[in-house]
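> Residue numbers (the working numbering): 244 to 1147.
Glycine is no exception: its CB is placed at the ideal position from the N, C-alpha and C atoms.
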Amino acid sequence: MASTGNCSNTHPLFDLDVIGEGLVFADSLPELDAALTTHRAAVVQAPPGTGKTTLVPPAVANHLASANAGTPPGRIIVTQPRRVAARAAAHRLTQLTGTTLGERIGYTVRGDSHTSAATIIEFVTPGILVRRLLADPMADGTAAIIFDEVHERHLETDLLLALTGETQQVRDDLTIIAMSATVDAPTFARLLASDGTENDGMGTGLESLEPVPHISSATALHPLTITYTPHTGDRIGPRGVETSFLNHIATTALATHREALATNPDTDALVFAPGAREVDHITQQLRAAATDIDVLPLHGQLPAQQQDHAIRGREPGGKPRIIVSTTLAESSLTVPGVHLVIDSGLTREPRRDATRGMSGLVTVSASQASAEQRAGRAARLGPGTAIRCYSERTHAAAPAHITPEITTADLTETALTLAAWGAPRGHNLRWINPPPAAALNDAEKTLHALNAIDNTGRITDHGRTLAAIPLNPRWAHALVDNAARYRAEDVAAVIAVATGEQRIPGANLPDAIRHQQRKPHRPTQRETQRLTRLAHKHAAAGEGVGEGSEHGAAHTSAAELAGIVTATAWPDRIAKHMGEGIYLLASGTRAALAPDATLGRPEWLAIADVTRAHGHAAAGTGAIIRAAAPLTTAEATEAAGNLAGTTTRITITPNGTISARSIEAIGAIELRATPTKPNPDQAAEALAEHLTTHGLNALTFNTNATALRNRLAFLHHHIGDPWPAMDEHHLAATVTEWLGPELNDVAHGASLNSIDLTEPLRRLLPWPEAAHLDELAPARITLPSGNTAAIHYPDASEYGDADGVSESEIQAEPPQPVVATKLQETFGWTETPRLAGGRAPVLFHLLSPAGRPLAVTSDLHSFFTGPYADVRAEMRGRYPKHPWPEDPLTAQPTHLTNRKLREK
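Spelled out as structure tokens, the structure:
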């Protein structure tokens, strides 16, 4: 192993030889030291188990102290995506350095911190660092920020990389390092580049940047055997992960573990399941089947002590262990003693359902990269085996990489952070994947409704209060708003239970709160205390905290406040019972109470958690209510805020008339409705919305109107302005301009079907250019024979949406106007007529004397001097009474027979 004792420092802060003993990454420390000598940033790519998380932070501390004459330059912050990983990393480094936790090495996670003024290295979760940067964008007192496990593409980590990149632009003494086992090194190496340039916010903007150094390490993995034991049935069904598949995992884990113990009694096993419910089920199955094995669950809903116990090694003389874990143990942790991995191949990922207005975790196939990470857990400490409880074909069909959360998650909290940072929508920040515009738009609508941002997207004073509270902005708003009217402790208790990681039994939020008060769950209790302190803190800042004496008189407990607090956070989830356990949400979504719900069937609910679901449990609604509390009608109306009011709702009937009702509603929930008469403006607005949604089918285009529309569309396509677009989008957007007078009749009961649209469309003609309509796009064309023929213009829909034509559509051959005529009537036409000022040739469908097609051409001269000879040879015998001259270019055009011509 290369010498790592000083890392360019004769009096190091940390003895890297001791810390790095037996760790493969120790050999890469000189390269890291050299990179930090010339750059302020680096990318570290090292396989699992090499020791990067253990060695890089103290190595960076030594390097920066050496450059600062031996004085600690500031704190080294290391982000870990999970609390258990942050605690474990701090404990491990404390043990290796022989120090006390909270002195030179510490950690801070939500609700738990062990640090002091002497702390040099601090492990934190990303959310902690986000709020520190909002309070202090210059990160004073911080010498370096190390992002661990960046490949997992957690939303907050991506956000932090964007924010700290801007901090680094103005702080030439801030070091930033990105670390991972499977990191996309070239992309991150450019992301961390610091050249003073800004991103326009429309893309990554990384291609032209000079990458920072990339340090890689040899693998620490021992020989690894991977086998497949697929389940015969489905892994995921209508109600989630199938119980039979979970039982298959438990059976496979127990059988393969016993086989491994026969060879190596020190073998422990690690089982990967997608979520806490599945972990608990597999744990119960294993405990019932094997009393001689210590079966330990590991997921985010467990108390910290249980999590830490699961990731510690087996006690001397202790039972063999099987740890059943979510993705907590996928990459951040090394669990001692594990030589066997059993993988479900499933994971939970956040998904935003814009249509239903809900977000949540969904179960999907884990990526191939995640599967490799999981398998690698078995070979960190010696030869290992990984059992995949699915087929090789399923593995090959899985996505190659983890889906970045920023592309699929709800971005409300992210948008608030960006506004608080002074970069609304993330403009001028560097991103690996920029936030999707549609998700940002929805987030900003939510923040505006909360009075967190103004009309320009800038943060308000209330928004800054919400940004300082480590909660989803909706719940932060509910905390601040209700703590000003009710007892802060009661409001905090509601939010702590509603946002906790434990599922609400029976979807009954009030009962869950009562249970928490009778038998306190310590993490929830600490969260209640934390939120209470935050409520009082912001009361001191001017928001105010109530004591419940006035507003709270009718609500004597936190459980009774559950509906009000939840509705304040989620007014669009106020819901009314429609029968059979189905509720209509103010957002317009329908959702069902689960069959095991214990809420009864109250008329009104405030829903804290609703997720997509299928099958019988969702009662055909596509969504199921996981946590809710009852409301009274008055409470629902008050909490709805701007969603409650009276509106005129207008509909287009099948016969083309417009009907109107005055409706008192909470969003999509109608309370009362009475018939009324719409005015012309309301009729126009309703029709425009209907046309935008359903197209022009509500209008009847007769032959003349259709012909005029097609001619105008033709000119717009070939000439452009001032000739108007005729696509559905444009006509719907300008309906009041061209259909205004007729809408007055419709508002008084006339039918849309009775309107002749020819004259209304003429209102769109541009003047004085309209005088040239018959010249540029005539309805008929005069043939050489003296007769006229109709010009059939392409249908307006063939040109696509004038505001959204794709590149492929632009490059495609445009549709042409068509004239169908007998071939003999075109004799003597040496050049094909062109329309739209010479821009578009006419496409001729040349017909036989019987009206049958003979040829199609937009170049008459080429036809007459070429293919015509073959047509003549074939047609002379079939139609001998009609002229078939050898030279059609000089022949007399006619619609007559040879005999009629002679008589003439």
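Could you tell me which of Tyr1036, Leu406, Asp754, Glu395 sits nearest to Ala424, measuring between CA atoms?
Counted from its first residue, the sequence shown places residue 424 at position 181. If we check each option's Cα against that of Ala424, Glu395 comes out closest.
> With 16 as the cutoff for other CB atoms within 10 Å, does Trp1010 come out buried or exposed?
The residue you call residue 1010 lines up with position 767 of the sequence shown. Trp1010 should be labelled exposed.
> Assess contact between the segment 619-631 and the segment 575-588, defined as three or more Cβ pairs (one per stretch) separated by less than 8 Å. Is contact present?
Counting Cβ pairs under 8 Å, three or more are found: they touch.
> If you follow the beta strand (DSSP E) that Lys819 is part of, which residue opens it and which one closes it?
Position 576 of the sequence shown, counted from the first residue, corresponds to residue 819. Taken as a continuous stretch (DSSP letters only), the beta strand (DSSP E) holding Lys819 covers 817-822.
> Taking C-beta to C-beta, are Gln745 and Gln544 nearer than 7 Å?
Taking the first residue of the sequence shown as 1, we reach residue 745 at position 502. Taking the first residue of the sequence shown as 1, we reach residue 544 at position 301. Against a cut-off of 7 Å, the Cβ pair of Gln544 and Gln745 comes out as a contact.
> I'd like to check one pair, Ala333 with Ile348: are the Cβ atoms closer than 7 Å?
One-based indexing of the sequence shown puts residue 348 at position 105. One-based indexing of the sequence shown puts residue 333 at position 90. Result yes, Cβ atoms of Ile348 and Ala333 sit closer than 7 Å.
> The alpha helix (DSSP H) with Pro716 in it runs from where to where?
Along the sequence shown, one-based indexing puts residue 716 at 473. That run of the alpha helix (DSSP H) goes 716-726.
> Give me, in chain order, the residues of the same chain whose beta-carbon lies closer than 6 Å to that of Arg620; leave out the 5 immediate sequence neighbours on both sides.
Within the sequence shown, the letter at position 377 stands for residue 620. For Arg620, where only same-chain residues beyond five positions count, the Cβ hits under 6 Å are Leu513, Val581, Val584.
> Beta-carbon separation of Ala652 and Leu398 under 7 Å?
For the purposes of this step, residue 652 is taken as the residue at position 409 of the sequence shown. For the purposes of this step, residue 398 is taken as the residue at position 155 of the sequence shown. Their beta carbons are under 7 Å apart, which means Ala652 touches Leu398 by this criterion.
> Pull up the distance between the alpha-carbon of Pro1058 and that of Arg1023, whole angstroms please.
Taking the first residue of the sequence shown as 1, we reach residue 1058 at position 815. Taking the first residue of the sequence shown as 1, we reach residue 1023 at position 780. Cα to Cα, Pro1058 sits roughly 18 Å from Arg1023.
> Under 8 Å Cβ to Cβ from Gly370, same chain only, skipping five residues before and after it: list those, please.
Indexing the sequence shown from 1 puts residue 370 at position 127. Counting only Cβ-Cβ distances below 8 Å, and skipping sequence neighbours, we find Arg353, Glu399, Pro713.
> Buried or exposed for His552, please, with buried defined as at least 16 other CB atoms from any protein chain shown within 10 angstroms of its CB.
To locate residue 552, count along the sequence shown from 1; it is residue 309. Result: exposed.
> Among residues of its own chain, excluding the 5 on either side of Asn947, which ones have a beta-carbon nearer than 7 Å to its beta-carbon?
Counting from one through the sequence shown, the residue named residue 947 turns up at place 704. Cβ within range, chain order: Thr1001.
> Any idea what DSSP makes of Ser1150, helix, strand or coil?
Residue 1150 cannot be examined here, being either before or after the span of the chain that is shown, 244 to 1147.
> Secondary structure at Pro1021, three-state DSSP: helix, strand or coil?
Taking the first residue of the sequence shown as 1, we reach residue 1021 at position 778. DSSP places Pro1021 in coil when its eight states are reduced to three.
> Count the other C-beta atoms from every protein chain shown that fall within 10 angstroms of the C-beta of Ala1112, then say buried if there are 16 or more, exposed otherwise.
Here residue 1112 is taken as the residue at index 869 of the sequence shown, counted from 1. Classification of Ala1112: exposed, given that the 10 Å Cβ count is below 16.
> Determine, using beta carbons only, whether His961 and Arg1082 come nearer to each other than 7 Å.
Here the question's residue 961 lines up with position 718 in the sequence shown. Here the question's residue 1082 lines up with position 839 in the sequence shown. Result yes, Cβ atoms of His961 and Arg1082 sit closer than 7 Å.
> Closest to Thr1137 by C-alpha separation, out of Val1099, Pro1092, Glu913, would be which residue?
Counting from 1 along the sequence shown, the entry for residue 1137 is found at position 894. Minimum Cα distance to Thr1137 is reached at Pro1092.
> To which residues of the same chain is Thr362 closer than 8 Å at the C-beta, ignoring the five residues directly before and after it?
Within the sequence shown, numbered from 1, the residue matching residue 362 stands at position 119. Only Arg318, Gly345, Glu346, Arg347, Ile348, Gly349 meet the Cβ criterion.
> Who are Arg707's beta bridge partners in DSSP?
Counting from 1 along the sequence shown, the entry for residue 707 is found at position 464. According to DSSP, which records beta bridges pairwise, Arg707 is partnered with nothing at all.
> Ends of the beta strand (DSSP E) at His1125?
As a first step, residue 1125 must be located in the sequence shown, where it is residue number 882. That residue, His1125, is in no beta strand (DSSP E); it is neither H nor E in DSSP.
> Can you say whether Arg765 is buried or exposed, counting buried as having 16 or more other CB atoms within 10 angstroms of its CB?
In the sequence shown, the residue the question calls residue 765 occupies position 522. Arg765 is exposed by the Cβ-count criterion.
> Do the CB positions of Ala956 and Tyr826 come within less than 7 Å of each other?
Translated into positions along the sequence shown, residue 956 becomes position 713. Translated into positions along the sequence shown, residue 826 becomes position 583. No.
> Jot down the residue ranges of each uninterrupted beta strand (DSSP E) in the segment 486-528, minimum 3 residues, whole runs only, in chain order.
Taking only runs of at least 3 residues, the beta strand (DSSP E) segments lying wholly in the segment 486-528 are 511-515.
> Report the start-end ranges of each alpha helix (DSSP H) in the segment 972-998 that is 4 residues or longer and not cut off at the edges.
With a minimum length of 4 residues, the continuous alpha helix (DSSP H) runs that stay inside the segment 972-998 are 978-990.
> If we require 3 or more residues per run, which beta strand (DSSP E) segments fall completely within the segment 880-922?
887-895, 901-909, 912-919, all fully within the segment 880-922.
> List the residues that DSSP assigns as beta-bridge partners of Ile696.
Residue 696 sits at position 453 when you count from the first residue of the sequence shown. Ile702, per the DSSP bridge assignment.
> Mind the definition here: the segment 648-662 touches the segment 679-694 only if three or more C-beta pairs lie below 8 Å; say whether that holds.
Short answer: they touch.
> Which residues does DSSP pair with Met422 in a beta bridge?
As a position in the sequence shown, residue 422 is number 179, starting the count at 1. The partner list for Met422 (beta bridge, DSSP) reads Val287.
> Got a sec? Which residues, its chain only, sit under 7 Å from Asn694 by beta carbon, not counting five neighbours each side?
In the sequence shown, counting from the first residue as 1, residue 694 sits at position 451. These residues qualify, in order along the chain: Thr703, His705.
> What does Arg193 pair with, by DSSP beta-bridge criteria?
Because the chain is modelled from 244 through 1147, residue 193 falls outside the range shown and cannot be assessed.
> Going by the DSSP bridge assignment, what does Val1061 pair with across the sheet?
One-based indexing of the sequence shown puts residue 1061 at position 818. Its beta-bridge partners are His1035, Leu1086.
> Could you tell me how far apart the beta carbons of Val299 and Leu279 are, in whole angstroms, since I believe they sit closer than 8 Å?
Working through the sequence shown from its first residue, we reach residue 299 at position 56. Working through the sequence shown from its first residue, we reach residue 279 at position 36. At roughly 10 Å, the Cβ-Cβ gap does not stay under 8 Å, so Val299 and Leu279 are not in contact.
> Got a sec? Which residues, its chain only, sit under 6 Å from Val1099 by beta carbon, not counting five neighbours each side?
The count along the sequence shown starts at 1 and reaches residue 1099 at position 856. Hits under 6 Å: His1088.
> Using only alpha-carbon positions, find the residue among Leu942, Asp258, Ile419, Gly831 that is nearest to Glu913.
By 1-based counting over the sequence shown, the position of residue 913 is 670. Of the listed residues, the one whose Cα sits closest to Glu913 is Gly831.
> Quick one: measure Cβ to Cβ for Pro1207 and Ala990, integer angstroms, because I've assumed they're closer than 8 Å.
Not covered by the structure: residue 1207. The range shown for the chain is 244 to 1147.
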